[in-house]
Structures are given as structure tokens and as C-alpha cells.
DNA sequence: ATAGTTAGCGTATTTTTTACGCTAACTATT
DNA sequence: AATAGTTAGCGTAAAAAATACGCTAACTAT
């Protein structure tokens, strides 16, 4: 067993579920494939792994290529490997998922313009490969993770109101939360820092703006703190 | 992009962290490698993926080969892929972890006798490849999972006392729990079913024997129940 | 000036978690 | 047969966390 080539080698792609939140709904970025197989169908962005890059670097490369921005949150999701998931042969997919703020980038223009689009997670098309499975897994993971890790912040602008944060969590978790208790919980958590500024210009009382206090969060985690919605 | 062979293909192994609990401590099953690289070092059991089997089937094959028994709990852990993790070339490892009851099998005799052994998770040797990382990830996952899914039952005999269950959780989570509150919580959970029998023969009051009520657990999960230690 | 709206604070109630006392039931010893 | 030693099982009080919801403040639009 000294030589690797004695064993059959599968192909390996890295695919990346990219979540974005526009203030109203949670969406994922999909690509309309030009090539066979599944030409004309929507798929999760992905590509073949380079032999000299780490899995995470590969996911980051795919993300940056498609969105032009780096994600603050990029995490391995699952490796999908059913023998028949790609008609060309045995292809494993190491899937990642990322959270980005779609306000910070524009879908790249030019030849890609019609080939990339956001789809709300409630209105997904039929996808190529086993990507519907991948997306389902990603949404479940995001929901589970959101309840015990403050990952939602990656999806918002650096400064946000508590109501915006609550809307986001209600959207991710698909639940209704009490406005006042949510406010209290966030204040007590110690991981949001008031900026002293307000958001004026809307037709009601101007809400205070906060930012995520990452240093404080890391401190709290070290001393055994567990975030909880 | 119609042909897979245009892209370089890594080798892929499936490696399996096998957890066992003997009533006193939580251990993992390790293999002493005979071949290079890392000959003479302890490693997690694993092998190259066959091109016509699913990842899970491959993990199950490895598990069955090494222990002779099937696991009730087998779950994908993470895919490890640092470019230099195997000196022979690019090798990805899709890692799984399994929970088994070591009382139900004996380490296979014969040529394997000195090559397979249980190591308590607190006394791990230095491992070949990046298997120390794999094990660290597996232990963290087991601890996290144990608090919100009743996976501990896989490690015990079908009939167990509440104290045995508590000892196991204390061992997995590395905490001390109050005996009376733990008892109360398990009774209230509805997922342990009294057998009506007691374990006699020990030098104190005979404790009642319970079994895991998987059907009831599945019912509860369907209606939104969340297990919680 | 006033109406409409969401923000922010507070409080009472319910539920869950924690701490811990007491008796029961078994075995081993005398 | 009585008694001591041990863990099992049940109960209760106190503390903490989650929930429900009222009230006033501060902004914009008319």
C-alpha cells in the first residue's frame, strides 16, 4: 500500500451555498449552468479542487469569483458522495456555506449577468446534480447554528438596529419573536455595542444603532458563555 | 468541461473514529499501522473509498472490518484536506464517527491482536497523519451532540440503570451532574422506558433497569421535542 | 398641534433549573 | 436476626430564566 495510484481516484468539487439577506428575505445565490451535464439548470456555485489548495481556500476562491467579496463566515457543511450524483463519473462534493451581505456587492456584469441570481429560500427552483439536497442540508444547518452562535451578524450591515436583527432571526428561524423580550435578551447578552447613533428619516421613532462586539463575544466564549436565541 | 479527467484527482480515504464506553471511561479504537507512511504509529481505522460505494457504506465497511459489529450510530464528522496531510500525495479524508458498545465484541484475534487497541480519550498517543486533529474534532462533536441528542444510549447495554446513563454523560461531557435532578430529568423526558426489572447482586439497593424508547423518541421529535441534558 | 407608528423600558407570571433533605431497599457483617 | 453501610428513589424550596404584555417616548406625516 505504498502507492496511491493503486486505488481508484474520484473527482472532487468544492461547492458553496451562499446565503444573503436583503432586509426582507433570506436568499441563496445560484448559477445557471452553461455546460453539460445539467446545462440550463440552476446549481450551487462550485468548481474542481486544485491539488495544491486547502478545501477552505478552494471554497473561498469560488465565493470570491462569484461575488467579488470575501465572506466573514465560511464553514464546511458536508461531503456529498452518492456514486451516481454526477453522470460523468464518481464526483465527491465537499460543500461549504457562507453568509454575506448582498448590499456590499453587485452581481458581476457582462457575460454572467443572466447566469447568476438570488433565490429566496422559500422559492427554490429544481436544481441540477443533488444540489437540492445540499441546499436543504445548508438551511437546516444555518437554522440550527443560528440558535446557539451569533452568526446572523455577518448578514447585516456593520451598524444595525435591534429590530433589523430580530427580523433577520425571525426570517432564518421562521418564527415570531416578542419584540421586547428580544431587545432585552440582546442587551443582556453583552455582544452588541451601542454606537450612540440613531437611524433618522423613517416615519417613526428613530431607533438606536448597534454593532456586533466581536472582541467581547470572544472573551465571553472563553469564559464559557453560550449564545442563545 | 465535459470530461472529468481534465482535472486532477486526489485520492480519498474514509476514516472512522470509533468510540466505546466500558462503564468507566470513554475510549477510541486505534490501529497500529504496519505500512509506510507512519508505520508503527497509531491511527484511526480507515481505507480508500471504493468507487461504487457511498461514503457511509465505506465507513460502515471499515467499522465492520475492524470491530466485527455494526454501529447503531454512524455519522459524518468532517472532511480533512490539507494538501500535505499525507506524504504520498494529495489525499482527502472523509471522517466519520461511530458509537459502539465494546462489550458486544472482542478485538479480533490472530494477526491483528497487537495492532488494535482501545485508548481512553484522556490518554491518547501521538497519531499518524493529522489524526490528532481528527480525534479532537470528533470529541468536540460528540460532546456537543450529546447535550441535545440522546446518542449516549448507543454506548450502553440495551438495559441500563439511570446511574449508568449518568456516569456515561458525566464521562462524555466531563462534568458532574446532580444524581437526583438527572433522574428526574430522564423520567420526565419520556424516552426511557422502565423494564420492571432490577439489577440485583450489588452491595446496595437494587436499581431499576430501563431501556431507550426509540419509537417514543421518534414520536416526540416529530412533535418538536428537543432532548436536552 | 395632532395622529400614527415603532422604540425602549418595566413588571408580573409561568416555567425551568438548581440545591439538597429524607426514607427505601439492597448487601455485608456481626 | 439485627445492624451498619451504601446507593436508589422521591420530594420540596429557592433561584433563575423565559414569557406575556402594559405603558410612555420619540420620531414623521398631515
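Residue numbers (full-length UniProt numbering), protein chains in the order written: chain A, 1 to 229; chain B, 1 to 229. Note that CB positions come from ideal geometry on N, CA and C, so glycine has one too. Predicted, not measured: the structure shown is a model, and the values here were computed from it.
Can you give the Cα-Cα distance for residue i and residue j, rounded to whole angstroms?
i: residue 191 (chain B); j: residue 40 (chain A); result: 48 Å
i: residue 45 (chain A); j: residue 68 (chain A); result: 13 Å
i: residue 101 (chain B); j: residue 63 (chain B); result: 13 Å
i: residue 113 (chain A); j: residue 42 (chain A); result: Unreliable placement is indicated for residue 113 (chain A), whose pLDDT of 49 sits below 50; the coordinate value is still reported in the next sentence. Taking the straight line joining both Cα atoms gives about 14 Å.
i: residue 105 (chain A); j: residue 30 (chain A); result: 15 Å
i: residue 161 (chain A); j: residue 143 (chain A); result: 21 Å
i: residue 180 (chain B); j: residue 118 (chain B); result: 32 Å
i: residue 60 (chain A); j: residue 200 (chain B); result: 60 Å
i: residue 1 (chain A); j: residue 184 (chain B); result: Annotation note: pLDDT 48 at residue 1 (chain A) (below 50); position unreliable, no value reported.
i: residue 57 (chain A); j: residue 72 (chain A); result: 13 Å
i: residue 218 (chain A); j: residue 21 (chain A); result: 24 Å
i: residue 150 (chain A); j: residue 214 (chain A); result: 10 Å
i: residue 74 (chain A); j: residue 23 (chain A); result: 21 Å
i: residue 203 (chain A); j: residue 174 (chain A); result: 27 Å
i: residue 6 (chain A); j: residue 5 (chain B); result: 17 Å
i: residue 78 (chain B); j: residue 78 (chain A); result: 7 Å
i: residue 222 (chain A); j: residue 222 (chain B); result: 35 Å
Looking only at C-alpha atoms, which of the options sits nearest to residue i?
i: residue 82 (chain B); options: A:226, A:55, A:84 and A:157; result: A:55
i: residue 99 (chain A); options: A:76, A:87, A:170 and A:90; result: A:76
i: residue 195 (chain A); options: A:186, A:204 and A:212; result: A:212
i: residue 188 (chain A); options: A:201, A:173, A:216 and A:169; result: A:216
i: residue 33 (chain A); options: A:22, A:9, A:115 and A:72; result: A:115
i: residue 17 (chain A); options: A:51, A:163, A:140 and A:166; result: A:140
i: residue 36 (chain B); options: B:143, B:153, B:169 and B:128; result: B:128
i: residue 154 (chain B); options: B:123, B:103, B:58 and B:133; result: B:103
i: residue 135 (chain B); options: B:7, B:185, B:19 and B:6; result: B:19
i: residue 122 (chain A); options: A:220, A:28, A:218 and A:22; result: A:28
i: residue 3 (chain A); options: B:150, B:5, B:202 and B:89; result: B:89
i: residue 53 (chain B); options: A:8, A:163 and A:167; result: A:8
i: residue 159 (chain B); options: B:202, B:193 and B:224; result: B:193
Hey, quick one: how far does the alpha helix (DSSP H) through residue i stretch, first residue to last?
i: residue 221 (chain A); result: 214 to 222
i: residue 181 (chain A); result: 179 to 189
i: residue 62 (chain B); result: 55 to 67
i: residue 135 (chain A); result: 131 to 148
Can you give me the Cβ contacts of residue i inside the same chain, cut-off strictly under 8 Å, excluding the 5 residues immediately before and after it?
i: residue 198 (chain A); result: 206, 207, 208 and 209
i: residue 109 (chain A); result: Below a pLDDT of 50, predicted positions are generally treated as unreliable, and residue 109 (chain A), at 43, falls in that range; the measurement from the model is reported next regardless. Nothing listed; no residue qualifies.
i: residue 226 (chain A); result: 148
i: residue 12 (chain A); result: 48, 49, 91, 92, 93 and 94
Taking C-beta to C-beta, are residue i and residue j nearer than 8 Å?
i: residue 125 (chain B); j: residue 25 (chain B); result: no
i: residue 94 (chain B); j: residue 85 (chain B); result: no
i: residue 138 (chain A); j: residue 97 (chain A); result: yes
i: residue 80 (chain A); j: residue 133 (chain A); result: yes
i: residue 10 (chain B); j: residue 51 (chain A); result: yes
i: residue 165 (chain B); j: residue 186 (chain B); result: yes
Just to confirm my understanding: we take residue i, look at its own chain, exclude 5 residues before and 5 after, and list those with CB closer than 7 Å. What are they?
i: residue 111 (chain B); result: Caution applies to residue 111 (chain B), whose pLDDT of 44 falls short of 50 and renders its modelled position unreliable; the value that the coordinates give is listed next. Closer than 7 Å at the Cβ level, and outside the excluded window around residue 111 (chain B), lies no residue.
i: residue 131 (chain A); result: 43 and 44
i: residue 169 (chain A); result: 146, 152, 177 and 229
i: residue 172 (chain B); result: 26, 142, 143, 146 and 152
i: residue 87 (chain B); result: 37
i: residue 163 (chain A); result: 207
Specify, as a first and last residue, the run of the beta strand (DSSP E) that residue i falls within.
i: residue 198 (chain A); result: 192 to 198
i: residue 164 (chain B); result: Looking at the DSSP string, residue 164 (chain B) is not in any beta strand (DSSP E); the run it does join, the alpha helix (DSSP H), is 162 to 173.
i: residue 93 (chain A); result: 91 to 100
i: residue 18 (chain A); result: 11 to 21
i: residue 26 (chain A); result: 26 to 32
i: residue 120 (chain A); result: 116 to 120
i: residue 77 (chain B); result: 73 to 80
i: residue 48 (chain A); result: 46 to 48
If you drop the 5 nearest sequence neighbours on each side, which residues of the same chain put their C-beta closer than 6 Å to that of residue i?
i: residue 15 (chain A); result: 44, 46, 93 and 95
i: residue 66 (chain A); result: 45
i: residue 167 (chain B); result: none
i: residue 224 (chain A); result: none
Between residue i and the ligand ADP, is the CB less than 7 Å from at least one heavy atom?
i: residue 189 (chain A); result: In the structure shown, the ligand ADP is absent, as is every other ligand, since no ligand is present at all.
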